[in-house]
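Residue numbers (the working numbering): 252 to 578.
Below is one structure, written out as structure tokens, with a few remarks after it.
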């Protein structure tokens, strides 16, 4: 396993792809998960994409890229045009040697607020990915859907098995599973057989009037049990990239509300209880002073802590991987 960076972490630095690679090397990271292919080259210039990939290879870095959403209910404009654009991006990425592609089905709110039921989103997204099957198989590529605050690991596993694990997989965001009261270790176990990419992040939980709130923290500074999560993932993917995706923001999840619970039919009472315990532990640590007050911590600009947070997450993960013999 290698420890790298997802470029969302450093988006405020406004670096070009080559500057990003230099940043990753300077910060002793081992790879990079770029954003969209068109963000690297709006015209999908294959020569430029190959140059970026070649530079990453020269520097000894792993590299991956993203493609747009695969949910037809969230597409702006004609579906056929979006499909054609995705085909172009898949082919362009493959020409540069990028075959494990990151994508998502949404951002989270559509599970609760969209006029179309979330179950229909899942069914229609699976059908949409099936339509991409021929180009994915031709290019030996796979779309890895992120646990992005929208879909649960239960749902993504079913979707992957339905569509076919040769063309679909999972990008496991290790802390986003908390958006659905999924225990991070249990979620990793469910997703591990199909996980090919990660957004590696941590977080703390504390109670709120509607349920609990999650605050993002660097790996090793939150409630995730990394000592159990990493071996579970390594069992299926010993070379899995651990791409740190770090950011701030407070997100509240209304686990006390009947409607929220109804939209999580796969969630067991035992798993919910395990996550509530994480919130209780976070609450206790805040009151004791062992954890910084979340509001005060959030008020510090992310850029002011960027270098410290990246370094802390990197060092924690590398040390743990070394101790566990996963390097």
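A virtual CB, placed ideally from N, CA and C, is assigned to each residue, including glycine.
With burial defined as no fewer than 16 other Cβ atoms inside 10 Å of the residue's Cβ, what is the status of residue i: buried or exposed?
i: residue 457; result: buried
i: residue 497; result: buried
i: residue 335; result: exposed
i: residue 411; result: buried
i: residue 546; result: exposed
I'd like the span of the beta strand (DSSP E) that includes residue i, first residue to last.
i: residue 316; result: 313-317
i: residue 455; result: 453-459
i: residue 217; result: Only positions 252 to 578 of the chain appear in the structure, and residue 217 is not among them; the question remains open.
i: residue 351; result: 351-354
i: residue 388; result: Counting along the chain, residue 388 falls outside any beta strand (DSSP E), though it belongs to the alpha helix (DSSP H) covering 384-389.
i: residue 440; result: Taken as a continuous stretch (DSSP letters only), residue 440 belongs to no beta strand (DSSP E), being part of the alpha helix (DSSP H) at 435-442.
i: residue 446; result: 446-450
i: residue 393; result: 393-397
Identify which residue in the options has its Cα closest to the Cα of residue i.
i: residue 403; options: 308, 435, 300 and 375; result: 435
i: residue 219; options: 506, 521 and 422; result: What is shown of the chain runs 252 to 578, which leaves residue 219 out entirely.
i: residue 279; options: 310, 369 and 478; result: 310
i: residue 265; options: 286, 252 and 445; result: 286
i: residue 564; options: 400, 378, 473 and 375; result: 473
i: residue 424; options: 484, 375, 372 and 331; result: 484
i: residue 502; options: 524, 455, 420 and 512; result: 455
i: residue 527; options: 370, 316, 431 and 337; result: 431
i: residue 314; options: 493, 408 and 263; result: 493
Start and end of the alpha helix (DSSP H) containing residue i?
i: residue 345; result: 330-346
i: residue 424; result: Where residue 424 is concerned, there is no enclosing alpha helix (DSSP H), although the beta strand (DSSP E) it sits in stretches over 419-424.
i: residue 412; result: 404-414
i: residue 272; result: 268-277
i: residue 361; result: 361-364
To test your reading of the DSSP string, which unbroken alpha helix (DSSP H) runs of 4 or more residues are found completely within the region 465-526?
477-487 and 509-513
Is it the case that the region 274-294 contacts the region 525-541, given that we only count it when at least three CB pairs across the two stretches are under 8 Å?
no
Mind the definition here: the region 381-393 touches the region 327-341 only if three or more C-beta pairs lie below 8 Å; say whether that holds.
yes
Assess, as a yes-or-no matter, whether the region 318-326 is touched by the region 260-279 under the definition of 3 or more beta carbon pairs within less than 8 Å.
no
Which runs of the beta strand (DSSP E) spanning at least 3 residues fall entirely within the region 280-327, listed in chain order?
282-287 and 313-317
Could you tell me whether the region 412-420 touches the region 354-363, using the rule of 3 or more Cβ pairs below 8 Å?
Not touching, per the Cβ criterion.
Within the region 535-571, note down every full alpha helix (DSSP H) run reaching 4 residues or more, in order along the chain.
545-550
Counting pairs of Cβ atoms below 8 Å between the region 461-475 and the region 504-520, do you hit three or more?
yes
Determine, using beta-carbon pairs with one atom in the region 513-521 and one in the region 441-452, whether at least three such pairs fall under 8 Å.
No, the region 513-521 is not in contact with the region 441-452.
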